[in-house]
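All remarks here apply to the structure that follows.
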Amino acid sequence: MAELVYEIDKEKVAWRKIEGEVTILDKKTAEFFNLNSTASQIWHLIQHGETVESIVKYLVKHFDIEYKIIREDVVSLMKEFSQKGFIKLHEK
């Protein structure tokens, strides 16, 4: 059974990592979005085809925060990225 993962929509956005943090350019609106270090780590994991669950597990391992809280935050961020058109779902 195929897993669903998010991928960065390269037609919609361009991005660069600058001093450890990601800056995203929305190609259609010409707006820039700066991610903090944690959101930048999530962006990096999305780029490498990680599932939401694997992203959550990575963050739990590296931060002293409860699984439930991290999962809610990751899902919320993914929803925001999706709504802006920065990422899209596909089968892994």
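Take the position in the sequence shown, starting the count at 1, then add 9; the result is the number in my numbering. Using N, Cα and C, we set each Cβ at its ideal position, and we do this for glycine too.
- Contact between residue 68 and residue 55 is ruled out by a C-beta separation of about 13 Å, above the 8 Å threshold.
- Rounded to whole angstroms, the separation of the alpha carbons of residue 45 and residue 61 is 18 Å.
- Check the Cα spacing between residue 29 and each of 51, 89, 36, 88: the tightest is with 51.
- Ranked by Cα distance from residue 71, the options 47, 100, 17, 22 are led by 47.
- Every alpha helix (DSSP H) stretch that sits fully inside the stretch 11–74 and reaches 4 residues is listed by chain position as 46–56, 61–71.
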